[in-house]
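Step one of this worksheet: look at the structure below.
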Amino acid sequence: MQPKLGLTGWLRWFWRQLTSMRTALFLLLMLAIASIPGSLVPQRSSDPNGVTQYFADNPDLAPTLDKLQAFDVYTSAWFSSIYLLLFISLIGCVIPRTKHHFQALRAKPPTTPARLGRLSGFTTQAAPAQTDARAAITHARTILKSGGYRVARFDSDTESSVSAERGYLRETGNLIFHAALVGILVTVGFGGGYGFSGQRVLVEGQTFVNTLLAYDSFNPGRFFDDTTLDPYTLSLDDFSVSYEQQNLQAYGQPIDFTADVTVTPKGAAPEPGVVKVNGPLRTNGTSIYLLGNGYAPTIQVTAPDGTVVFSDSVPFLPQDANLTSLGIVKVPDGLAEQLGMIGFFYPTQDKAASGANFSSYPDLEYPLLTLNVYTGDLGLDAGVPTSVYSLVTDTLTRQTGGKTGVASIELKPGASVELPNGLGTVSFVDHNPAASAAGDFTQSVPRFASFDIHHDPTQIWLISFSMLVLFGLFTGLLVPRRRLWVKATTRADGTVHIEYAGLARGDDPALEAAVTAVADRHLKLLKSHQTVVTTPEST
Amino acid sequence: MNLTDSALLNSYSLYALYSAMAVYALAFIAFAIDLARRSSAVGAIEADLVEADAAPSAVSAASAGSTLTLKRPVLSRISARMDNDAALPYGRSSSLRVGVALTVLAWALHLAATIMRGFAADRVPWANMYEFAMTGTLLIMTVFLIVLTRSDLRFLGTFVTGLVLVLLGVAALQFYVEVAPLPPALQSAWLVIHVFVASLATGMFALGFALSAVQLLQFRRENHVAEATTASSGPIASALRLRFLATLPSSATLENLAYRINIIGFILWTFTLMAGSIWAEQAWGRYWGWDTKEVWTFIIWVIYAGYIHARATRGWRGSRSAWLAIIGFSAVMFNFGIVNVFFKGLHAYSGL
Ligand code: HEM
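Listed in order, the protein sequences are those of chains A and B.
In case it helps, this note's numbering puts the first sequence at residues 71 to 609.
In case it helps, this note's numbering puts the second sequence at residues 318 to 669.
Written as structure tokens, this is what we have:
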């Protein structure tokens, strides 16, 4: 009968299984396989719209997949359990190896094997005449020590030898590598909790104060304290875009986006700054990224009595490469009815054969704003948050375009037109009427930029651990660990024979060359000493 | 640069590329002829052996007779060891030399094509699929030629020229795009570093893949030989079609070589992954977001980590770890050829 394992016995068995190399390998391969589904199915974290679309396209399959957490693979229970087990295994593996390694670092190299002939790079030589075995080994020891070997010498009447070992850095590197991986996992796991990310759209000329309420959206980490926000201000002074105009293959392709900003730390002088697509601005403990941009036509709505009830530069979201853009205007107060408008903005308007407008170039060559007007309850008073970028038209009455029989409103910069039903007037404000009059519209409409503002105090840790990972890889994989022996034997006739041999521990392509090099240096040294020693005697 | 110059330079680049492909094709043929000659040389020796009724272990330079001459002391220690390691010695081969000479010529044309494309575009020539393919294959070939100066892997010539030819063919026919300026998202020093190192790693993995594949075939042959010897059946070669394997290093040597090349690839890939996340942090404000391309870079990294572990795991050394290297490189090719083109994600830079 098998002896019965107690609970501790089982636990020990389980722990030994978990920390075995075979399990590590199995878990690594599982991790690779488990990562695949997340590239086949859209993920909520990186592509939320894709997930919505997937649900619409596969109404039967999607809920089942969702139950399996297929849309949140990388935070799913099954994915997490694989990598957590892997890391437990890793820790269980690394700790005993570290202990063992510390002991090895203090231990002496092992005694010289009795027979070296079977080992790598075995070389045997008769020493130059009058060489003393012990002196020869002293020389060998010096050579090996200067080559970074740790050495131990062994002497007997007929035989002297030195046993040398080098390459402890290999195991050190390996342990540093694995430990740094744990560092990365822990940093990533907790790191996000201490920072925040927030988004804010700014039209040229606008200023934002780094406070919670000023963000369009704000995602604090679990441990982030809002009161630590540093209330600096950020102004978008100018947003410039340049477009390819020479190369017809890429005509109109944007080649540069530059946001010129001013940052004013609390109680300090304003500092100019620049944010570019690959160049975030690091300031006041935050990083400011340029995420998107577009046009923000300035629209003004005036009541019949002449009071301005709406006047704002409204960010229009780009819909295509030539920046046909879509925007929403909501005017809840000041008119006889609540007013909503869906607008299209064409920086360079053109007409398709069908009569539909489109934009043929992304810069402001021939700008046109079209508006469709709706009236009714905008639903803003219900207390339900609504997006500024969408207008629910179900409960509204359409006043222009579509089947209304009233043409949609079309405005050039600087133009105004009466709203239907005598509601008032709408104007498309021109920011540089003088230039527009001369046919240059490039200054007529302001641009907006959307910024992502992040604070992540753990990135410095990540970089440090990553450097350690690389260092550990280099040394753990490339530093050879080897043992080398030099043995001098005094024969019965008084001659001394010297043997050299090495042993690889792990992969070591250069071992034989190393043994040969040591042998060559050693013999040369012996010869030079021989001449030095013998010359005075012979004279 | 002015536009007509750029267009002219780009058309020269295309001529050079097509010429390089033609010369690679010739090199491929030369290498293939060499493999065929190895097979027939092995056949000849075995015929001799059967005649002399000698045991396979008695094969020596003498019994190889006039068909084969032992090689001079070769380039380095590794190659010397490898040569000793082959089951049958194989002499100098003119087709092998022709193959290498043609490969070097094609490589020079390929290099010129890539440099001219870079000048035509006024930036590094790896900003869309066509250019990745051109530079990536150039690096595969460069790695191969550099490794050749250190160890005699010329027997991989058929594979390497074949692979490069197929990739260049697909690039020129399917991925070709005109010169276009860099979109702002790609204007970064990290494009230079990250993509270059990734291509270099790919070159290493390609060689590692080929060595692992030959290792598997060689292992199979060695098993057949062992069986044939113990069963003392007729000529060994009759059981096998790929007789040239007898002139190649043993499976153990191939495994060690593959490992050495793959670990360099792995270090480069680790760097690629890190450089990619530094770039992602600058461009998108997050260093890691499980974007499809990031996922596949990670998967490849984990597969090769598995490969390294397999080599240290009892029962996984040898053929099983070789399969992991093969799967790893397949994932690299999938990441380049399929993920770039068909998967949705932020890395939409194929230029197609
Ligand atoms: C996240 C999981 C892991 C990854 C990514 C990983 C990766 C690696 C890499 C890249 C190497 C070669 C680098 C070097 O030697 O410095 C390596 C070696 C090694 N790993 Fe891991 N490892 C992981 C987990 C583990 C675990 C759980 C164990 C123990 C069971 C382990 C044991 C070893 C050993 C013994 C070596 C040396 C292999 C050799 O000498 O060839 N690793 N690992």
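Backbone N, C-alpha and C define an ideal beta-carbon position, used for all residues, glycine too.
All values reported here derive from a predicted model rather than from experimental measurement.
> Going straight from the alpha carbon of residue 512 (chain B) to that of residue 457 (chain B), what length do you get?
Replying inline: 14 Å
> Taking the C-alpha atoms as reference points, what is the distance between residue 503 (chain B) and residue 143 (chain A)?
Replying inline: 29 Å
> How about the stretch 481 to 494 of chain B and the stretch 446 to 464 of chain B: do they share at least three Cβ pairs that are nearer than 8 Å?
Replying inline: yes
> Using a threshold of 8 Å, is the CB atom of residue 156 (chain A) nearer than that to any non-hydrogen atom of ligand 3?
Replying inline: Inclusion of ligand 3 in the displayed structure is not the case, the ligand content consisting of ligand 1 alone.
> residue 684 (chain B) and residue 352 (chain B): beta carbons closer than 9 Å?
Replying inline: No statement about residue 684 (chain B) is possible, as the shown extent of chain B runs from 318 to 669 and does not include it.
> Quick one: does residue 576 (chain B) have its CB under 9 Å from some CB of chain A?
Replying inline: yes
> Quick one: complete beta strand (DSSP E) runs, 3+ long, within the stretch 275 to 328 of chain A?
Replying inline: Qualifying beta strand (DSSP E) stretches, in chain order: 277 to 279, 287 to 290, 303 to 313.
>> Assuming residue 506 (chain A) is part of the beta strand (DSSP E), what are its boundary residues?
In response: Careful: residue 506 (chain A) lies outside any beta strand (DSSP E), inside the alpha helix (DSSP H) at 503 to 507.
> Does the count of Cβ pairs from the stretch 456 to 472 of chain A and the stretch 386 to 399 of chain A closer than 8 Å reach three?
Replying inline: yes
> By Cβ distance below 6 Å, which residues in the same chain neighbour residue 133 (chain A) in space, the five residues on each side in sequence not counted?
Replying inline: none
> Do you know how far the Cα of residue 470 (chain B) is from the Cα of residue 464 (chain B)?
Replying inline: A straight-line Cα-Cα distance of about 8 Å links residue 464 (chain B) and residue 470 (chain B).
>> Using a Cβ-Cβ cutoff of 7 Å, what residues of the stretch 503 to 526 of chain B are near chain A? List them in chain order.
In response: 504, 505
> Counting Cβ pairs closer than 8 Å, one from the stretch 497 to 511 of chain A and one from the stretch 470 to 489 of chain A, do we hit at least three?
Replying inline: yes
> Going along the chain, which residues of its own chain have a beta-carbon closer than 7 Å to the beta-carbon of residue 360 (chain A), five neighbours each way excluded?
Replying inline: 327, 329, 345, 346, 347, 519, 521
>> Using only the alpha-carbon positions, how far apart do residue 148 (chain A) and residue 538 (chain A) sit?
In response: So the alpha carbons of these two residues sit roughly 29 Å apart.
> Quick one: Cα of residue 329 (chain B) to Cα of residue 322 (chain B), how far?
Replying inline: Rounded to whole angstroms, the separation of the alpha carbons of residue 322 (chain B) and residue 329 (chain B) is 11 Å.
> Does ligand 1 have a heavy atom nearer than 8 Å to the CB of residue 625 (chain B)?
Replying inline: yes
>> DSSP three-state label for residue 391 (chain B), please.
In response: Only weak support exists for where residue 391 (chain B) lies, its pLDDT of 32 falling under 50; the value from the coordinates is given anyway. Residue 391 (chain B): coil per DSSP, three-state reduction.
>> Any beta carbon from chain B within less than 9 Å of residue 588 (chain A)'s own beta carbon?
In response: no
> Hey, how far is the Cα of residue 240 (chain A) from the Cα of residue 175 (chain A)?
Replying inline: For residue 240 (chain A) and residue 175 (chain A), the gap between their C-alpha atoms comes out near 12 Å.
>> Can you pull the chain A neighbours of residue 602 (chain B), defined as C-beta to C-beta under 8 Å?
In response: 267, 350, 357, 359, 361, 522, 524
>> Please list the terminal residues of the continuous beta strand (DSSP E) segment that includes residue 364 (chain A).
In response: 356 to 365
>> Less than 9 Å between CB atoms is the rule here; does residue 161 (chain A) satisfy it with respect to chain B?
In response: no
> Which residues in the same chain as residue 497 (chain A) place their Cβ atom closer than 6 Å to its Cβ, once the five residues preceding and following it in sequence are excluded?
Replying inline: Hits under 6 Å: 370, 486.
> Is residue 532 (chain A) near ligand 1, with its Cβ less than 8 Å from a heavy atom?
Replying inline: no
>> Which residue wins for smallest C-alpha separation from residue 429 (chain B), given the options B:466, B:535, B:333?
In response: B:333
> Do residue 515 (chain A) and residue 367 (chain A) have their C-beta atoms closer together than 9 Å?
Replying inline: Closer than 9 Å, so yes.
>> List, in chain order, every chain A residue whose beta-carbon is nearer than 8 Å to that of residue 623 (chain B).
In response: The CB of residue 623 (chain B) comes closer than 8 Å to the CB of 95, 98, 99, 102 in chain A, given here in chain order.
>> Please state the DSSP three-state secondary structure of residue 396 (chain A).
In response: The answer is strand: DSSP assigns residue 396 (chain A) an E or B state.
>> Are there any heavy atoms of ligand 1 lying less than 8 Å away from the beta-carbon of residue 82 (chain A), as far as the coordinates show?
In response: no
> Looking at residue 98 (chain A) and ligand 1, is the gap between the Cβ and the nearest heavy atom below 8 Å?
Replying inline: yes
>> I'd like to know whether the C-beta atoms of residue 243 (chain A) and residue 581 (chain A) end up nearer to each other than 9 Å.
In response: Result no, Cβ atoms of residue 243 (chain A) and residue 581 (chain A) do not sit closer than 9 Å.
>> I'd like to know whether the C-beta atoms of residue 225 (chain A) and residue 576 (chain B) end up nearer to each other than 9 Å.
In response: no
>> Is there a Cβ of chain B sitting closer than 9 Å to that of residue 479 (chain A), yes or no?
In response: no
>> Is there a Cβ of chain A sitting closer than 9 Å to that of residue 630 (chain B), yes or no?
In response: Yes, contact with chain A.
> Using the beta-carbon count (16 or more within 10 Å), is residue 424 (chain A) buried or exposed?
Replying inline: It is exposed - the Cβ of residue 424 (chain A) has fewer than 16 other Cβ atoms within 10 Å.
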